[in-house]
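K.L.:
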Amino acid sequence: MRSISKAFGPTVAVDGVDLDLLPGEIHGLVGENGAGKSTLMRVLSGFYADYAGELAIDGRAVRILSPGQARALGIGLVHQELSLVPELTVADNIFLGREPSARLPGFINLAAARAQARLLCDELGVYLHPEARVARLSIAERQLVEIAKGVALNPRVLILDEPTSSLTHQEIGRLLDIVRSLAARGMTLVYISHKLDEVFAVADRITVLRDGKRVATAAVSEWTDATLVQAMVGRDLSSLFPRRRAERGEVRLEVRNLGRTGAFHRVSFAVRSGEVLGLYGLIGSGRTALAEALFGLAPAWDGDILVDGVSVVIRSPRDAIGHGIAMTPEDRRVRGLVPMLPVRTNLSLRALRALSPMGLINGHREYGEVQRMIETLAIRTPSHAVEVSTLSGGNQQKIVIGRWLMIPPKVLILDEPTRGIDVGAKAEVHAIIDRLAGDGLAVLFISSELPEILGMSDRILVMRNGTVAGAFSRQDATEERIMAVAAGVAGEVRAS
Numbered sequence: 246m247r248s249i250s251k252a253f254g255p256t257v258a259v260d261g262v263d264l265d266l267l268p269g270e271i272h273g274l275v276g277e278n279g280a281g282k283s284t285l286m287r288v289l290s291g292f293y294a295d296y297a298g299e300l301a302i303d304g305r306a307v308r309i310l311s312p313g314q315a316r317a318l319g320i321g322l323v324h325q326e327l328s329l330v331p332e333l334t335v336a337d338n339i340f341l342g343r344e345p346s347a348r349l350p351g352f353i354n355l356a357a358a359r360a361q362a363r364l365l366c367d368e369l370g371v372y373l374h375p376e377a378r379v380a381r382l383s384i385a386e387r388q389l390v391e392i393a394k395g396v397a398l399n400p401r402v403l404i405l406d407e408p409t410s411s412l413t414h415q416e417i418g419r420l421l422d423i424v425r426s427l428a429a430r431g432m433t434l435v436y437i438s439h440k441l442d443e444v445f446a447v448a449d450r451i452t453v454l455r456d457g458k459r460v461a462t463a464a465v466s467e468w469t470d471a472t473l474v475q476a477m478v479g480r481d482l483s484s485l486f487p488r489r490r491a492e493r494g495e496v497r498l499e500v501r502n503l504g505r506t507g508a509f510h511r512v513s514f515a516v517r518s519g520e521v522l523g524l525y526g527l528i529g530s531g532r533t534a535l536a537e538a539l540f541g542l543a544p545a546w547d548g549d550i551l552v553d554g555v556s557v558v559i560r561s562p563r564d565a566i567g568h569g570i571a572m573t574p575e576d577r578r579v580r581g582l583v584p585m586l587p588v589r590t591n592l593s594l595r596a597l598r599a600l601s602p603m604g605l606i607n608g609h610r611e612y613g614e615v616q617r618m619i620e621t622l623a624i625r626t627p628s629h630a631v632e633v634s635t636l637s638g639g640n641q642q643k644i645v646i647g648r649w650l651m652i653p654p655k656v657l658i659l660d661e662p663t664r665g666i667d668v669g670a671k672a673e674v675h676a677i678i679d680r681l682a683g684d685g686l687a688v689l690f691i692s693s694e695l696p697e698i699l700g701m702s703d704r705i706l707v708m709r710n711g712t713v714a715g716a717f718s719r720q721d722a723t724e725e726r727i728m729a730v731a732a733g734v735a736g737e738v739r740a741s
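Each residue of the sequence shown is one higher than the one before, starting from 246 at the first, in the numbering used here.
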């Protein structure tokens, strides 16, 4: 790729980028949100025909004008956003548009599609039934199907755009093994990720983009965490995990023997004012189900919930909000935001009653409160009026958090608050969480990233098979100890 540029109106997304990809190479591509990573790869995979610059494959100049042409040239892309058809099966999705033909013209050989899908899944270590409907799969399982779909093309170059955003620690390890095995066969892989530990673990070379330009390309051995982050953000991030030791107050939220059949059972814990309580577990451990029960999305059937020492009944989000419990969901785009509404409305939704004392919204007051929150959380937006879907993932996450802070809760549940956002935005979200705890909020912090759980939590609970299997103080917790409990290698552990 030589001098590749792509603009959207007056906005230049990619500006004169050069990039070489070698046979059998795993090439890490990193940068903050908006750096141009996905746009550059969508040029290579044929989604943008109106680009400037030159492309060459094996030294032969080509002009890629469509995804079909890119596939014919051996270039495949696994999208960051899932592109599966929920009502179709795993096999149907893997071979969609390329279904094996039956002997009779116009008919599909379903048996062949299922057999090929099973072989592919077995090869990749994706243990899913080919006839399972995608609608019934978890987010992590759907992402694995998306990856299998890309590998099924048998491309020469496979682009993986944030392939592990919904995977557990174990699934990530398996995927990285798959990536290495594909490279060993001679396939070239472009690995785009905000998770720098994964990039260091798997890449041969790393290219950094910033503000649409290539900053540097170097062998992985020439980078350190600090130099890579500084190249990405153009500034020094003094601390990715700025957690201060705030004074912990009284117990805000207490859970006693909480349960819901098939999801979790006999869960007990307490979180205090000013405390960040980390909650870790592999997919299926019950951690998100527990959070949803506390917020009334899928109420518990057994046990007790106490807020400020008073037993409360939570059967709906309205009940939870009334008792001072707020939650930012795992999937902010689907459940946390109204994408087509403006920033102003998304921020003020929670406070509309307070902003409408006479039944009509006080527009002047709403504007002032929204502006205050934008400044408090350093939300980068051109104006209050732009659709929230146009903002970066990090700024979208700040808006989800900011909505609850318009009328501050007592307890804030954060489910994967930094999923899919860049390292600079992560540091900003971490700083917000630290500040909220310092202001006296009780925070229940759920994350699949062990360094994040360790860096941000005062205490850590580990869930396995629907129950709390381990509890660690910040001083006693290590990645190895937490993973051993989560995977069932170690017995039950309680904080000392």
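Don't be surprised by glycine CBs; every beta carbon is placed ideally from N, CA and C.
With distances taken between CB atoms, is the gap from Met701 to Phe486 smaller than 9 Å?
P.N.:
As a first step, residue 701 must be located in the sequence shown, where it is residue number 456. As a first step, residue 486 must be located in the sequence shown, where it is residue number 241. Cβ atoms of Met701 and Phe486: closer than 9 Å.
K.L.:
Taking only the alpha-carbon atoms, compute the straight-line gap between Gly647 and Asp303 and give it to the nearest angstrom.
P.N.:
Sequence index remark: in the sequence shown, residue 647 carries index 402 (1-based). Sequence index remark: in the sequence shown, residue 303 carries index 58 (1-based). Approximately 50 Å, taken between the alpha carbons.
K.L.:
I'd like to know if the segment 411-427 and the segment 510-528 are in contact, where contact means that at least 3 CB-CB pairs between them fall below 8 Å.
P.N.:
A contact exists between the segment 411-427 and the segment 510-528.
K.L.:
Taking a contact to mean a Cβ-Cβ separation below 9 Å, would you say Leu427 touches Leu434 in this structure?
P.N.:
Locating residue 427 in the sequence shown gives position 182, counting from the first residue. Locating residue 434 in the sequence shown gives position 189, counting from the first residue. In this structure, Leu434 lies closer than 9 Å to Leu427 by Cβ.
K.L.:
Round the Cβ separation of Val521 and Ala670 to the nearest angstrom and send it over; I've been treating them as touching at under 8 Å.
P.N.:
As a position in the sequence shown, residue 521 is number 276, starting the count at 1. As a position in the sequence shown, residue 670 is number 425, starting the count at 1. Between Ala670 and Val521 the Cβ distance is about 19 Å, and since that is not below 8 Å, they are no contact.
K.L.:
Tell me which residue opens and which closes the alpha helix (DSSP H) that Gly613 is part of.
P.N.:
Within the sequence shown, residue 613 is the residue found at index 368, counting from 1. Taken as a continuous stretch (DSSP letters only), the alpha helix (DSSP H) holding Gly613 covers Gly608 to Thr621.
K.L.:
Tell me whether Phe690 is buried or exposed, calling it buried when 16 or more other Cβ atoms sit within 10 Å of its Cβ.
P.N.:
Translated into the one-based positions of the sequence shown, residue 690 becomes position 445. The residue is buried, with at least 16 neighbouring Cβ atoms inside 10 Å.
K.L.:
Quick one: grab the DSSP three-state call for Ile559.
P.N.:
In the sequence shown, counting from the first residue as 1, residue 559 sits at position 314. Coil, per DSSP.
K.L.:
Got a sec, what are the start and stop residues for the alpha helix (DSSP H) Lys655 sits in?
P.N.:
Counting from 1 along the sequence shown, the entry for residue 655 is found at position 410. Run containing Lys655: none; DSSP gives neither H nor E here.
K.L.:
Beta-carbon separation of Ser692 and Thr663 under 9 Å?
P.N.:
Your numbering for residue 692 matches position 447 in the sequence shown. Your numbering for residue 663 matches position 418 in the sequence shown. For Ser692 and Thr663, yes; Cβs fall inside 9 Å.
K.L.:
Can you give me the start and stop residues for the beta strand (DSSP E) that Lys394 sits inside?
P.N.:
One-based indexing of the sequence shown puts residue 394 at position 149. No beta strand (DSSP E) contains Lys394, which is instead part of the alpha helix (DSSP H) from Ile384 to Val396.
K.L.:
Could you pull out every residue in the same chain whose Cβ sits closer than 6 Å to the Cβ of Met572, ignoring the five residues on either side in sequence?
P.N.:
As a first step, residue 572 must be located in the sequence shown, where it is residue number 327. Hits under 6 Å: Phe540 and Ile658.
K.L.:
Between the alpha carbons of Val631 and Ala729, how many angstroms are there, rounded?
P.N.:
By 1-based counting over the sequence shown, the position of residue 631 is 386. By 1-based counting over the sequence shown, the position of residue 729 is 484. Those two C-alpha atoms are separated by around 46 Å.
K.L.:
Asp684 to Gln361, Cα distance in whole Å?
P.N.:
Here residue 684 refers to the residue found at position 439 when the sequence shown is read from its first residue. Here residue 361 refers to the residue found at position 116 when the sequence shown is read from its first residue. So the two alpha carbons sit approximately 56 Å from each other.
K.L.:
Does the beta-carbon of Gln720 have 16 or more other beta-carbons within 10 angstroms, so that it is buried, or is it exposed?
P.N.:
As a first step, residue 720 is located in the sequence shown; it is residue number 475 there, counting from the start. Flag for Gln720 reads exposed.
K.L.:
Taking C-beta to C-beta, are Pro331 and Val379 nearer than 9 Å?
P.N.:
As a first step, residue 331 must be located in the sequence shown, where it is residue number 86. As a first step, residue 379 must be located in the sequence shown, where it is residue number 134. Cβ atoms of Pro331 and Val379: closer than 9 Å.
K.L.:
Return the CA-CA distance between Leu382 and Asn338, expressed in angstroms with no decimal places.
P.N.:
As a first step, residue 382 is located in the sequence shown; it is residue number 137 there, counting from the start. As a first step, residue 338 is located in the sequence shown; it is residue number 93 there, counting from the start. Leu382 and Asn338: Cα-Cα distance of roughly 13 Å.
K.L.:
Could you give the DSSP three-state label for Gln352: helix, strand or coil?
P.N.:
Sequence index remark: in the sequence shown, residue 352 carries index 107 (1-based). The sequence given here has Phe at residue 352, not Gln. Reduced to three states, the DSSP call for Phe352 is coil.
K.L.:
Are the Cβ atoms of Leu420 and Pro408 separated by less than 9 Å?
P.N.:
Translated into the one-based positions of the sequence shown, residue 420 becomes position 175. Translated into the one-based positions of the sequence shown, residue 408 becomes position 163. The answer is yes: Cβ separation under 9 Å.
K.L.:
For the structure I just gave you, are there three or more beta carbon pairs, one from the segment 491-501 and one from the segment 550-559, closer than 8 Å?
P.N.:
Short answer: they touch.
K.L.:
Take every Cβ of the segment 386-395, pair it with every Cβ of the segment 702-709, and state whether three or more of those distances are shorter than 8 Å.
P.N.:
Contact between the segment 386-395 and the segment 702-709 is absent, because fewer than three Cβ pairs lie under 8 Å.
K.L.:
Would Gly548 and Gly504 be called neighbours here (beta carbons separated by less than 9 Å)?
P.N.:
Along the sequence shown, one-based indexing puts residue 548 at 303. Along the sequence shown, one-based indexing puts residue 504 at 259. A contact, by the Cβ cut-off of 9 Å.
K.L.:
State the start and end residues of the unbroken alpha helix (DSSP H) segment that holds Gly418.
P.N.:
Residue numbering aside, residue 418 sits at position 173 when the sequence shown is read from its first letter. Here the alpha helix (DSSP H) through Gly418 covers His414 to Ala429.
K.L.:
Could you pull the DSSP bridge partners for Met572 from this structure?
P.N.:
The sequence position of residue 572 within the sequence shown is 327, counting from 1. For Met572, which the question treats as bridged, DSSP gives the partners Ile658.
K.L.:
Return helix, strand or coil for Phe445, following the three-state DSSP convention.
P.N.:
In the sequence shown, residue 445 corresponds to position 200, counting from 1. Residue state, collapsed to three classes: helix.
K.L.:
Tell me, please, whether the CB atom of Asp422 is closer than 9 Å to any CB atom in chain B?
P.N.:
No chain B appears in this structure, which consists of one protein chain only.
K.L.:
Could you tell me which residues DSSP puts in a beta bridge with Thr256?
P.N.:
Stepping through the sequence shown from its first residue, residue 256 is reached at position 11. Phe253, per the DSSP bridge assignment.
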